[in-house]
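For reference, the structure is listed below as structure tokens.
Dropping the structure here:
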């Protein structure tokens with residue numbers, strides 16, 4: 027019985043032992059598998075750690091020493107593994123801004139989670155980089171570690187900065203930038219679009235650009251544009267569009283297709299520039315160039331014409347003195363003389379337009395000059411037209427030849443008179459104005475400064491744009507044949523330009539015309555407007571005149587006129603011939619009357635050569651047009667005596683006496 031019990035107990039023990047052994051084996055197998063899984067996990071983590079494209083830094087949370095660091099961070103910072111591992115984080119220069127001391131590290135440790143969106147670092151070699159820095163505290167093998175994930179965002183930050191820079195450039199660009207979808211609907215506009223068109227962003231987004239159409243381009247224009255860009259090509263050109271306020275503007279546009287990676291057009295971008303003002307200034311410049319070229323031609327024609335008129339007038343005047351007034355020939359000669367005198371008005375106007383009219387300016391009160399002209403102007407325009415005079419007190423003084431103001435007023439009043447059909451009004455006004463840089467920026471000819479403004483307005487028929495474009499051109503006229511030469515307003519233009527002024531015209535059909543003439547302010551004491559009337563022809567008091575003229579016909583005529591006035595005359599056809607007269611001791615020369623432009627030397631050089639040889643000699647220059655030898659921009663040099671060709675016997679006699687009296 028006992029043996030049987032022992033046997034049973036033994037059997038049961040063996041069974042239990044086998045169970046325990048089986049459990050132990052299973053436990054060992056599980057541990058082995060867990061170890062394998064752990065090793066596999068560690069290997070996987072190590073592979074991730076080693077191959078990560080972000081920097082990973084493992085710190086001992088208690089000591090702050092670097093436990094591990096992955097290759098990417100080593101490469102990013104420029105350190106070796108041995109140089110970083112085992113070091114306290116605050117000992118590594120690159121991290122001093124994060125953990126400058128143990129205390130700072132402990133603060134980092136307590137927080138357990140820290141994130142820097144944009145942390146500036148510097149590599150071992152001094153290269154600045156930007157990183158995103160995230161730290162977390164983990165429990166590993168009953169020990170706390172801090173894992174720091176460091177992502178290099180330098181390229182991203184640079185791309186973001188470039189994007190912001192591009193955005194700022196687009197927002198602040200002076201040119202209009204418009205982006206549409208593939209169907210042409212607006213998706214983006216920059217502020218320049220709002221400034222140029224007057225439409226807000228809310229009003230423009232979703233619209234087709236056709237809402238800006240002005241009607242100045244036909245349907246074919248827009249079809250051609252769309253066919254060009256929808257086929258993938260760039261379109262460039264000009265078009266006229268309409269602003270929100272209804273005003274038209276001209277823009278220069280370049281429209282380009284934008285493609286996706288597959289080559290499909292997904293957007294269009296248009297870069298546009300408002301060139302309205304540029305076109306206006308360019309037109310003004312071309313007009314100024316054209317007027318300058320016409321002026322050169324007109325000046326040359328007037329010079330040659332003046333020489334011929336000088337001969338006609340001079341010899342006709344001499345012939346009149348030789349024929350009895352009762353004879354028919356005398357009457358015929360008078361008609362020739364009158365016609366020639368009228369012709370001199372044409373040359374005078376041409377010279378004024380060409381700015382080759384010789385002038386003798388003085389500081390004047392414009393109000394005083396206009397006041398003295400009113401009586402004559404009222405006779406000129408007739409009784410049916412009312413002339414109003416509205417001067418501003420204390421007007422800026424100007425420097426100008428008084429006779430040129432007479433020409434301005436006469437020509438503009440005649441022009442106004444002819445524009446008024448029956449009864450009407452002409453208004454002459456003066457006022458002080460100051461033009462600033464902003465105002466002058468819209469007109470290529472204007473210069474900032476103080477001006478005396480002379481305004482002449484009428485309520486006549488007015489003018490259209492085509493007429494205004496040609497208004498100041500010589501011989502341009504809208505009057506019937508025989509009613510005008512077309513030189514009146516070109517004379518006004520030339521006079522204003524010669525005096526550094528500006529002229530603007532405002533006119534519409536049926537609404538009259540206004541001329542605004544800006545004459546520059548000049549500092550100085552104004553002179554009284556005194557015009558001496560000389561009734562008798564002054565004659566010689568026994569003086570000798572040396573006359574030098576390279577045109578033989580003019581020389582002969584001058585000689586006869588001088589002899590008629592009682593002067594002893596020495597005539598020379600060239601400057602060298604004139605110099606030869608000084609070799610004769612008996613030739614005491616009191617006055618040199620010389621042409622300005624001649625071969626061998628000019629008139630001024632001749633006078634300078636003669637002056638030491640003839641002490642006390644006076645000089646009177648004569649010319650068919652102004653010359654830089656004796657004048658600058660048509661203004662006579664100080665102390666220069668001058669007579670304009672053609673001249674009458676009386677004009678020459680007066681000028682000679684004035685020159686001889688000159689001290």
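In the numbering used here, the protein residues as written are 27 to 689.
Heads up, the beta-carbon is just placed ideally off N, CA and C, and yes, glycines get one too.
Out of curiosity, what's the CA-to-CA distance linking residue 224 and residue 547? Counting from 1 along the chain shown, the entry for residue 224 is found at position 198. Counting from 1 along the chain shown, the entry for residue 547 is found at position 521. Distance between the alpha carbons of residue 224 and residue 547: 39 Å.
Helix, strand or coil: which one does DSSP assign to residue 141? Mapped onto the chain shown, residue 141 falls at position 115. Note: residue 141 maps to strand in three-state DSSP.
In the DSSP assignment, what are the bridge partners of residue 649? Residue numbering aside, residue 649 sits at position 623 when the chain shown is read from its first letter. Its beta-bridge partners are 670.
Euclidean distance between Cα positions of residue 85 and residue 50: Numbered from 1 along the chain shown, position 59 holds the residue referred to as residue 85. Numbered from 1 along the chain shown, position 24 holds the residue referred to as residue 50. Distance between the alpha carbons of residue 85 and residue 50: 39 Å.
Residue 452 versus residue 423 - alpha carbon distance: Residue 452 sits at position 426 when you count from the first residue of the chain shown. Residue 423 sits at position 397 when you count from the first residue of the chain shown. Computed Cα separation, rounded: 24 Å.
Terminal residues of the continuous beta strand (DSSP E) containing residue 161? Here residue 161 is taken as the residue at index 135 of the chain shown, counted from 1. Note, residue 161: beta strand (DSSP E), 154-166.
Return the chain-ordered list of same chain residues with a C-beta closer than 6 Å to the C-beta of residue 571, the five sequence neighbours on each side being excluded. One-based indexing of the chain shown puts residue 571 at position 545. So the list reads 588, 593, 595, 617 and 619, once near-sequence residues are dropped.
First and last residue of the beta strand (DSSP E) that includes residue 591? As a first step, residue 591 must be located in the chain shown, where it is residue number 565. Where residue 591 is concerned, there is no enclosing beta strand (DSSP E), given that its DSSP letter is neither H nor E.
Here's the rule I'm using: 16 or more other beta-carbon atoms within 10 Å means buried, otherwise exposed. How should residue 507 be labelled? As a position in the chain shown, residue 507 is number 481, starting the count at 1. Only weak support exists for where residue 507 lies, its pLDDT of 43 falling under 50; the coordinates are left without a value.
According to DSSP, is residue 566 helix, strand or coil? Here residue 566 is taken as the residue at index 540 of the chain shown, counted from 1. DSSP places residue 566 in the coil class of the three-state scheme, outside both helix and strand.
Between the alpha carbons of residue 632 and residue 412, how many angstroms are there, rounded? Along the chain shown, one-based indexing puts residue 632 at 606. Along the chain shown, one-based indexing puts residue 412 at 386. If you take the alpha carbons of residue 632 and residue 412, they lie about 54 Å apart.
Cβ atoms of residue 481 and residue 540: under 9 Å apart, would you say? Reading the chain shown from its first residue, position 514 is the one you call residue 540. Reading the chain shown from its first residue, position 455 is the one you call residue 481. Yes, these two residues count as a Cβ contact at 9 Å.
If we call anything under 9 Å between Cβ atoms a contact, is residue 344 one with residue 676? Position 318 of the chain shown holds residue 344. Position 650 of the chain shown holds residue 676. Not in contact: residue 344 and residue 676 (Cβ atoms no closer than 9 Å).
Exposure of residue 477, with buried meaning 16 or more beta-carbon neighbours within 10 Å: The count along the chain shown starts at 1 and reaches residue 477 at position 451. When all chains shown are included, residue 477 counts as buried.
Nearest to residue 463 (by Cα), restricted to the options 457, 456 and 471: Sequence index remark: in the chain shown, residue 463 carries index 437 (1-based). If we check each option's Cα against that of residue 463, 471 comes out closest.
For residue 164, verify whether its CB is less than 8 Å away from any heavy atom of the ligand MN. The model depicted lacks the ligand MN and carries no ligand whatsoever.
Looking only at C-alpha atoms, which of 454, 534 and 487 sits nearest to residue 479? Position 453 of the chain shown, counted from the start, is the residue given in the question as residue 479. Comparing Cα positions, the closest option is 454.
Residues in the same chain with beta-carbon distance under 6 Å from residue 349, minus the five sequence neighbours each way, listed in chain order, please. To locate residue 349, count along the chain shown from 1; it is residue 323. Answer for residue 349: 355 and 356, listed in chain order.
Supposed contact pair residue 408 and residue 484 - C-beta distance, whole angstroms, cut 8 Å: Against the chain shown, residue 484 aligns to sequence position 458. Against the chain shown, residue 408 aligns to sequence position 382. Going by Cβ atoms, the distance from residue 484 to residue 408 rounds to 13 Å, so no, they are not a contact pair.
Residue 606: first and last residue of the uninterrupted alpha helix (DSSP H) it sits in: As a first step, residue 606 must be located in the chain shown, where it is residue number 580. First-last of the alpha helix (DSSP H) with residue 606: 601-606.
What separation, rounded to the nearest whole angstrom, lies between the Cα atoms of residue 517 and residue 487? The residue given as residue 517 occupies position 491 in the chain shown. The residue given as residue 487 occupies position 461 in the chain shown. Going from the Cα of residue 517 to the Cα of residue 487 covers about 22 Å.
Secondary structure at residue 132, three-state DSSP: helix, strand or coil? Within the chain shown, the letter at position 106 stands for residue 132. Residue state, collapsed to three classes: helix.
Name the two residues that bound the continuous beta strand (DSSP E) containing residue 169. To locate residue 169, count along the chain shown from 1; it is residue 143. 169-178 is the span of the beta strand (DSSP E), which, as asked, contains residue 169.
First through last residue of the alpha helix (DSSP H) which encompasses residue 393: Walking along the chain shown from the start, residue 393 turns up at place 367. Here the alpha helix (DSSP H) through residue 393 covers 392-407.
Helix, strand or coil, according to DSSP, for residue 285 in the structure here? Taking the first residue of the chain shown as 1, we reach residue 285 at position 259. Reduced to three states, the DSSP call for residue 285 is strand.
Does the Cβ-Cβ distance between residue 256 and residue 283 come in under 9 Å? Translated into positions along the chain shown, residue 256 becomes position 230. Translated into positions along the chain shown, residue 283 becomes position 257. Yes, they are a contact pair.
Where do the ends of the alpha helix (DSSP H) carrying residue 256 lie? As a position in the chain shown, residue 256 is number 230, starting the count at 1. 245-256 is the extent of the alpha helix (DSSP H) around residue 256.
Using DSSP with H/G/I as helix, E/B as strand and the rest coil, what is residue 362? Translated into the one-based positions of the chain shown, residue 362 becomes position 336. The answer is helix: DSSP assigns residue 362 an H, G or I state.
Inter-stretch contact (C-beta, 8 Å, three-pair minimum) for the segment 257-274 and the segment 188-202: no
Using a threshold of 9 Å, state whether the C-beta atoms of residue 172 and residue 161 are closer than that. Walking along the chain shown from the start, residue 172 turns up at place 146. Walking along the chain shown from the start, residue 161 turns up at place 135. Yes.
Closest by CA to residue 145, which one among 406, 177 and 92? Locating residue 145 in the chain shown gives position 119, where the first residue counts as 1. Measuring C-alpha to C-alpha distances from residue 145 to each of 406, 177 and 92 identifies 177 as the nearest.
Can you tell me where the alpha helix (DSSP H) with residue 683 in it begins and where it stops? As a working mapping, residue 683 is identified with position 657 in the chain shown. Run containing residue 683: 675-687, per the alpha helix (DSSP H) assignment.
What do you get for residue 379, buried or exposed, if any count of 16 or more other CB atoms within 10 angstroms of its CB means buried? Residue numbering aside, residue 379 sits at position 353 when the chain shown is read from its first letter. Confidence is the limiting factor: at residue 379 the pLDDT is only 49, short of 50, which leaves the residue's position unreliable, though a coordinate-based value still follows. By the 10 Å Cβ count, residue 379 comes out buried.
Distance between beta carbons of residue 406 and residue 439, contact taken as under 8 Å: Taking the first residue of the chain shown as position 1, residue 439 is located at position 413. Taking the first residue of the chain shown as position 1, residue 406 is located at position 380. With 8 Å as the limit, residue 439 and residue 406 qualify as a contact, their Cβ atoms being about 6 Å apart.
Mapping the DSSP letters down to three states, classify residue 558 as helix, strand or coil. Walking along the chain shown from the start, residue 558 turns up at place 532. Residue confidence is low: residue 558 scores 48 on pLDDT, short of 50, so the model does not pin down where it sits. No coordinate-derived value is stated.
Measuring CA to CA, which of 100, 564, 286 and 83 is closest to residue 93? Counted from its first residue, the chain shown places residue 93 at position 67. If we check each option's Cα against that of residue 93, 83 comes out closest.
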